[in-house]
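Undergrad:
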Amino acid sequence: MFIPTAKNTSTVTDMRVDAIGLIKDVEKLGMKYIFQKSKPKVVMMNMVLFERMVEKYEDWLDQERVYELEKEDHGIGVSLEDVAKEFGIKLHNKV
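In the numbering used here, the protein residues as written are 20 to 114.
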(Lines of atoms letter the chains of each structure in order from A and count residues from 1; the text may use other names and numbers.)
(Lines give C-alpha, C1' and ligand atoms only; values in the text may rest on other atoms or scores of the structure.)
Protein backbone atom coordinates (compact mmCIF):
# COMPACT_ATOMS: atom_id res chain seq x y z
CA MET A 1 0.00 0.00 0.00
CA PHE A 2 2.86 2.40 0.72
CA ILE A 3 4.74 1.61 -2.48
CA PRO A 4 4.35 4.24 -5.23
CA THR A 5 2.49 2.81 -8.22
CA ALA A 6 0.92 4.35 -11.31
CA LYS A 7 -2.43 4.26 -9.52
CA ASN A 8 -1.37 6.05 -6.33
CA THR A 9 0.93 8.74 -7.76
CA SER A 10 0.23 12.16 -9.21
CA THR A 11 2.28 15.20 -10.10
CA VAL A 12 2.16 18.78 -8.92
CA THR A 13 0.83 19.60 -12.40
CA ASP A 14 -2.00 17.07 -11.96
CA MET A 15 -2.80 18.77 -8.67
CA ARG A 16 -2.96 22.20 -10.32
CA VAL A 17 -5.09 21.00 -13.24
CA ASP A 18 -7.61 18.88 -11.32
CA ALA A 19 -7.39 19.39 -7.56
CA ILE A 20 -10.95 18.12 -6.97
CA GLY A 21 -10.25 14.95 -8.97
CA LEU A 22 -7.07 14.39 -6.97
CA ILE A 23 -8.96 14.81 -3.69
CA LYS A 24 -11.56 12.29 -4.84
CA ASP A 25 -8.80 9.81 -5.73
CA VAL A 26 -7.22 10.28 -2.30
CA GLU A 27 -10.57 9.73 -0.59
CA LYS A 28 -11.07 6.53 -2.57
CA LEU A 29 -7.52 5.12 -2.49
CA GLY A 30 -6.55 6.29 0.98
CA MET A 31 -3.39 8.09 -0.10
CA LYS A 32 -1.43 9.40 -3.07
CA TYR A 33 2.19 10.36 -3.60
CA ILE A 34 2.69 13.76 -5.21
CA PHE A 35 5.81 14.03 -7.36
CA GLN A 36 7.59 17.15 -8.56
CA LYS A 37 10.27 16.80 -11.22
CA SER A 38 10.15 13.00 -10.85
CA LYS A 39 10.86 13.14 -7.11
CA PRO A 40 8.35 12.42 -4.35
CA LYS A 41 7.54 15.64 -2.49
CA VAL A 42 4.47 14.96 -0.35
CA VAL A 43 1.91 12.31 0.46
CA MET A 44 -1.79 13.15 0.57
CA MET A 45 -4.02 10.88 2.64
CA ASN A 46 -7.69 10.74 3.45
CA MET A 47 -8.98 11.56 6.93
CA VAL A 48 -9.69 7.93 7.87
CA LEU A 49 -6.09 6.90 7.25
CA PHE A 50 -4.73 10.08 8.85
CA GLU A 51 -6.80 9.61 12.02
CA ARG A 52 -5.74 5.95 12.21
CA MET A 53 -2.07 6.89 11.88
CA VAL A 54 -2.34 9.65 14.48
CA GLU A 55 -4.07 7.28 16.89
CA LYS A 56 -1.36 4.64 16.44
CA TYR A 57 1.34 7.28 16.90
CA GLU A 58 -0.31 8.56 20.09
CA ASP A 59 -0.57 4.97 21.39
CA TRP A 60 3.12 4.50 20.65
CA LEU A 61 4.01 7.74 22.49
CA ASP A 62 1.92 6.63 25.48
CA GLN A 63 3.71 3.27 25.56
CA GLU A 64 7.11 4.98 25.36
CA ARG A 65 6.12 7.13 28.34
CA VAL A 66 5.05 4.02 30.27
CA TYR A 67 8.48 2.46 29.62
CA GLU A 68 10.17 5.65 30.88
CA LEU A 69 8.04 5.78 34.01
CA GLU A 70 8.64 2.09 34.76
CA LYS A 71 12.38 2.83 34.95
CA GLU A 72 11.95 5.62 37.52
CA ASP A 73 12.29 5.10 41.26
CA HIS A 74 8.79 5.11 42.71
CA GLY A 75 9.78 5.54 46.35
CA ILE A 76 8.09 3.72 49.21
CA GLY A 77 4.57 4.98 48.56
CA VAL A 78 1.83 6.08 50.94
CA SER A 79 -1.37 4.22 51.69
CA LEU A 80 -4.76 5.69 50.83
CA GLU A 81 -5.70 5.58 54.50
CA ASP A 82 -2.65 7.67 55.47
CA VAL A 83 -3.41 10.28 52.79
CA ALA A 84 -7.06 10.45 53.86
CA LYS A 85 -6.02 10.90 57.50
CA GLU A 86 -3.52 13.65 56.59
CA PHE A 87 -6.15 15.64 54.68
CA GLY A 88 -9.05 14.90 57.03
CA ILE A 89 -10.99 12.83 54.51
CA LYS A 90 -13.30 10.12 55.77
CA LEU A 91 -13.19 6.96 53.68
CA HIS A 92 -16.32 4.88 53.31
CA ASN A 93 -15.61 1.22 53.94
CA LYS A 94 -17.24 -1.11 51.45
CA VAL A 95 -18.86 -4.25 52.82
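All C-beta atoms, glycine included, are put in the ideal place defined by N, C-alpha and C.
1. Would DSSP call Lys56 helix, strand or coil?
2. Let me know the secondary structure DSSP gives Lys104 once reduced to three states.
3. What residue does the alpha helix (DSSP H) around Thr17 start on, and which one ends it?
4. Out of Val62, Ile22, Glu46, Phe21, state which residue places its alpha-carbon closest to the alpha-carbon of Thr30.
5. What are the boundary residues of the alpha helix (DSSP H) that includes Phe69?
6. Cβ of Phe54 within 8 Å of Cβ of Thr24?
7. For Lys47, which of helix, strand or coil comes out of DSSP?
8. Do Gly49 and Asn65 have their CB atoms nearer than 8 Å?
9. Per DSSP, Thr28 is paired with what?
10. From His93 to Glu70, what does the alpha carbon distance come to, in whole angstroms?
TA: According to the data block:
1. When secondary structure is reduced to three states using DSSP, Lys56 falls in the coil class, being assigned neither helix nor strand.
2. helix
3. A query on residue 17 cannot be resolved here, the shown segment of the chain reaching from 20 to 114 and no further.
4. Checked all of Val62, Ile22, Glu46, Phe21; the closest Cα to Thr30 is Val62.
5. 66-90
6. no
7. helix
8. When the beta-carbon positions are compared, Gly49 and Asn65 come within less than 8 Å of each other.
9. Tyr52
10. 35 Å
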